[in-house]
Amino acid sequence: MKKLSVRSFNDEVRRTLEARIRALADSQVAAYGGRAEVEVVRGYPVLVNSDAETELARQVAVELVGEAHVVAPFPAIAGSEDFAYFLQQRPGCFLRIGNGVGAPMLHNAHYDFADDNLTIGATYWTRLVERYLAADRP
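This is the structure:
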């Protein structure tokens, strides 16, 4: 039995990869008179932010900390995030509040939360909610 992990930034690519893995396994094993069995256990879905909500989140961040301190668009990361399930149901934006340039990210043994971020984070979320609620929505 062989195990592998497959991640992509697009569901269509993920489906194509799964199909190609099945075809490759089938052809390789068939060459020796065997039969391949491929079991796909899907993990978290691809996380895709919606454009309008991402732009609103970016605008509020720029107003709070300045353009130089906002990374947008944030480079895609092949990680797993359960917020992706929410984004399949409703438009939204997953974002990260940084911990300083060069600081270890979450899930790193050397991570050390920057307490100064509490004020920035609380202010950011408050302003984002205020802007969202003040906007005209269909």
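Our numbering numbers the first residue of the sequence shown as 7 and each following residue consecutively.
Here a beta-carbon is modelled for each residue, glycine too, at the ideal position from N, C-alpha and C.
Do residue i and residue j have their C-beta atoms closer together than 8 Å?
i	j	result
L53	T129	no
C99	T60	yes
V47	E24	no
What does a CB cutoff of less than 8 Å around residue i pick up in its chain, not counting 5 residues either side in sequence?
i	result
R137	L62, Q65, V66
V35	R41, A42
Quick one: using the 10 Å Cβ neighbour count with 16 as the cut-off for buried, is residue i buried or exposed?
i	result
L112	exposed
L30	exposed
N172	Since the first residue shown for the chain is 7 and the last is 144, residue 172 is missing from the structure and cannot be characterised.
L101	buried
Given residue i, which residues of its chain have a CB within under 6 Å of its CB, disregarding the five upstream and five downstream residues?
i	result
A82	F15
What is the DSSP secondary structure of residue i, reduced to helix, strand or coil?
i	result
Y138	helix
R13	coil
Looking at the C-beta of residue i, does it have a partner C-beta in chain B at a distance below 8 Å?
i	result
G127	Looking at the structure shown, chain B is missing, and only one protein chain is on hand.
Open item on the list: Please give the ranges of any alpha helix (DSSP H) in the segment 23-95, keeping only runs that are unbroken, at least 4 residues long and fully inside the region.
Closed with: 57-71, 89-95
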